[in-house]
Amino acid sequence: MSDPLLFHPHTYDPAHFDAETRRLLRATVDWFEARGKRRIIEDYRTRAWLADFLAFSAKEGLFATFLTPAAAAGEDEPDKRWDTARIAALNEIFGFYGLDYWYAWQVTILGLGPVWQSDNAAARERAAQLLSEGEVFAFGLSEKTHGADIYSTDMLLEPAADASGGFRASGSKYYIGNGNAAGLVSVFGRRTDVEGPDGYVFFAADSRHPAYRLVKNVVDSSKYVSEFRLEDYPVAAEDVLHTGRAAFDAALNTVNVGKFNLCTASIGICEHAMYEAVTHAHNRILYGRPVTAFPHVRRELADAYVRLVGMKLFSDRAVDYFRSAGPDDRRYLLFNPMTKMKVTTEGEKVIDLMWDVIAAKGFEKDNYFAQAAVEIRGLPKLEGTVHVNLALILKFMRNHLLEPAEYAPVPTRLDAADDDFLFRQGPARGLGSVRFHDWRPAYDAYAAVPNVARFREQADALAEFAATIAPDEAQGRDLDFLLSVGQLFALVVHGQLILEQARLTDLDESVLDELFSVLVRDFSQHAVELHGKDSSTPEQQTWALAAVRRPVIDEARSARVWSRVEALAGAYEMAQ
């Protein structure tokens, strides 16, 4: 029997979506299942380019249907829209079968971001046509010397001599996914004749042009993460997507859209790995007993399970805020880096807990787990490091904890709507003015759940910290100290959206209580770390130790949760 909280390929039926979305999601699952585990693992091990997968996507119109905004679709294409809910569902499926497939899709999303934000109608029409032909896209932002420091780009555009409004572009880009095959590459550069941010340009390039030189794949993987050079590449006026500060904003807003995909890919990886790990542990006999009979094994697998459930709950609820965003509601700007930072690092913990149980089995080449253990590491490190996203999250802490504002309730957003605001987010600034609804009611609704109540004590303590002994000016320059504070704040936000989604989905309270017992331990751990930081004051150290809590223990509750974990043994095995 399948667990309703986890993706299961054999029983998957996304009935909450429209008919064409259901067909495409189901067709994608069926394609992978028919391909089989041995072929997928062999392609991963031999670093095969994903030609067969991209041919399937082109035949079904998968990328074109999911990644063409309604405004760019034809009148006879009613199923095309940019719908974050179904994009998230596809992320999870790709993660479940292999991150290489997800990566080709992810960097296509990034490459499309500057195009769909552009006022260049010809470029948008060209992108829509390329998608319909099954092409992939690339996002030419980062560079070998500067990374993603877009202030320092060395992609230089010399104005064309004929005053046509075009340029000649020269320079290199590094770590650019799909750079080997993209029908359109959105490239960020700067003009040689204009100083400062007014000189930025985003333009469309074609990887098949003679002046586009592919240097190499910079990773040892099926993911083609390219280095490429443009050598006097002709940029026509109709290739220009953005100029000046708008180009800078397009870069950051594209990353806002793209980074959201990391969380659900991480979830898919963990789900597949969990089926394998629990099945192996349950079937392995040591000292006359199944491995799952040992108390420490049960704790580790149960912790992994509830953490994974928490990842799913948070990400599903974050979708609603992403889809309901607008100029007067930018709460997504907090929940977005949370999905990228918190959910993906939770994914690492889930894999580590299971790997501690299955040990050497996790290295075997015939299992999915071996690649999961590698690929799960990448997601926290893409689209900005954990540290960058934690620092971003901290910008919202005071407003979120202490200055709530009134908002209408945000419903579950599974409707077939086009999320067009994502391509008109506007200037990438003003984060200090973003306000949030009161976080406390989400916790109040579950005050009777023992570990939610225990964690609420810690959340209230953090609000007191923010109001009375928040980092001073000197500590504000100590990023090591600030990141500890950020981890505590992230836990409160994580718990809030988990509880909101639990209420919307009527989650089993035993699972919720067990999950919050884990969060109580996490908060205590980070509080102890803050206590030991070099720059923590005596008042902050006293606060930190006072915020440590022991979870509420309930053996009957833990047994009920364990029964759900144990039921995963043998529940799914991918066909060979």
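Numbering (this note's numbering), first residue to last: 20 to 595. Every residue, glycine too, gets a C-beta built ideally from N, C-alpha and C. Please read these numbers as outputs of a predicted model, since none were measured by experiment.
For residue j and residue i, believed in contact at Cβ under 8 Å, the rounded distance
i: G130; j: L203; result: 6 Å
i: A546; j: A521; result: With a Cβ gap of about 24 Å, A546 and A521 do not count as contacting.
i: L150; j: A83; result: 4 Å
i: Y193; j: W68; result: Wrong, their Cβ atoms sit about 20 Å apart, outside the cutoff.
i: I286; j: G114; result: 6 Å
i: E548; j: S582; result: E548 to S582, Cβ: 34 Å. No contact.
i: S205; j: A256; result: Rounded, the Cβ-Cβ distance is 16 Å, inconsistent with contact.
i: L176; j: T211; result: 7 Å
i: E402; j: K359; result: 6 Å
i: R232; j: F247; result: 6 Å
i: L441; j: A284; result: Not quite, the Cβ-Cβ distance comes to about 18 Å (not below 8 Å), so this is no contact.
i: V362; j: C282; result: 4 Å
i: V254; j: G185; result: 5 Å
i: I59; j: G132; result: That pair is no contact at about 29 Å.
Candidates the options: closest to residue i by CA position
i: V429; options: Q477, F341, I412; result: F341
i: G277; options: V126, R232, F186; result: V126
i: R336; options: D573, R540, E519; result: E519
i: Q506; options: T47, L481, R568; result: L481
i: F156; options: I195, A180, S577; result: I195
i: P88; options: L73, V468, D102, L160; result: D102
i: R540; options: T283, K359, Q494, N470; result: N470
i: T273; options: R443, A321, D339; result: R443
i: R417; options: K384, T487, R473; result: T487
i: V234; options: G190, W374, R308, F207; result: G190
i: L86; options: N199, G307, I128, S555; result: I128
i: L249; options: N408, P423, E162, A46; result: E162
i: P216; options: S226, Y63, T172; result: T172
i: L501; options: A300, V254, P490; result: P490
i: H513; options: Q560, V537, D499, D497; result: V537
i: A435; options: G445, F36, A300; result: F36
i: V134; options: L118, E154, F158; result: F158
i: Y387; options: E39, A147, R57; result: R57
i: D527; options: V580, A509, T40, A140; result: V580
i: D268; options: L498, A447, F313; result: A447
i: A563; options: H165, T283, G551; result: G551
i: A312; options: E585, D32, A590, A34; result: E585
i: E79; options: T47, A70, Y63, R54; result: T47
i: V405; options: L320, S555, D499; result: D499
i: A38; options: D98, T363, I517; result: D98
i: E422; options: E52, A266, E483, R308; result: E483
i: A427; options: V362, D339, S76, G198; result: D339
i: S21; options: G589, A594, Q595, M593; result: G589
i: R496; options: G117, A485, A410, K400; result: A410
i: M593; options: E492, F51, W374; result: F51
i: G445; options: I112, A270, L420; result: A270
i: L534; options: L327, F415, R349; result: L327
i: L24; options: R105, T524, E574, R54; result: T524
i: S137; options: I169, A91, R105, Y306; result: A91
i: D463; options: Q515, M330, R209; result: Q515
i: P346; options: V407, H315, L420, D439; result: D439
i: A654; options: P33, R42, R64; result: Here the chain covers residues 20 to 595 and nothing more, so residue 654 does not appear.
i: F542; options: R317, L587, A509; result: A509
DSSP beta-bridge partners of residue i
i: G495; result: DSSP lists no partner for G495.
i: A223; result: S205
i: Y193; result: E246
i: G263; result: G263 pairs with nothing; no bridge assigned.
i: Y231; result: L249
i: R210; result: L176
i: N236; result: S245
i: I304; result: P309
i: V297; result: According to DSSP, which records beta bridges pairwise, V297 is partnered with nothing at all.
i: V254; result: F186
CB contact check: residue i to chain B, cutoff 7 Å
i: L413; result: You won't find chain B in this structure, because it holds only one protein chain.
Under 8 Å, with one C-beta from each stretch per pair, do the segment 441-457 and the segment 350-362 reach the 3-pair mark?
yes
Whole runs of the beta strand (DSSP E) within the segment 408-477, excluding any shorter than 3 residues
none
For the segment 216-227 and the segment 252-265, state whether three or more C-beta atom pairs, one from each stretch, are separated by less than 8 Å.
yes
Could you tell me whether the segment 385-396 touches the segment 459-477, where touching means 3 or more Cβ pairs closer than 8 Å?
no
Is it a yes or a no for the segment 369-384 touching the segment 286-294, going by three-plus beta-carbon pairs under 8 Å?
yes
Every unbroken alpha helix (DSSP H) inside the segment 306-394 [4 residues or more]:
314-342, 351-357, 363-377, 388-394
Does the structure place the segment 558-573 close enough to the segment 23-36 that three or more beta carbon pairs sit under 8 Å?
no
Extract the residue ranges of the beta strand (DSSP E) inside the segment 116-200, only unbroken runs of 3 or more that lie entirely within it.
156-159, 175-178, 186-196
Pick out the complete alpha helix (DSSP H) segments inside the segment 544-573, 4 residues or longer, and give them in chain order.
557-565
Scan the segment 495-546 and note each continuous alpha helix (DSSP H) run of 4 residues or more that stays entirely inside, going in chain order.
498-524
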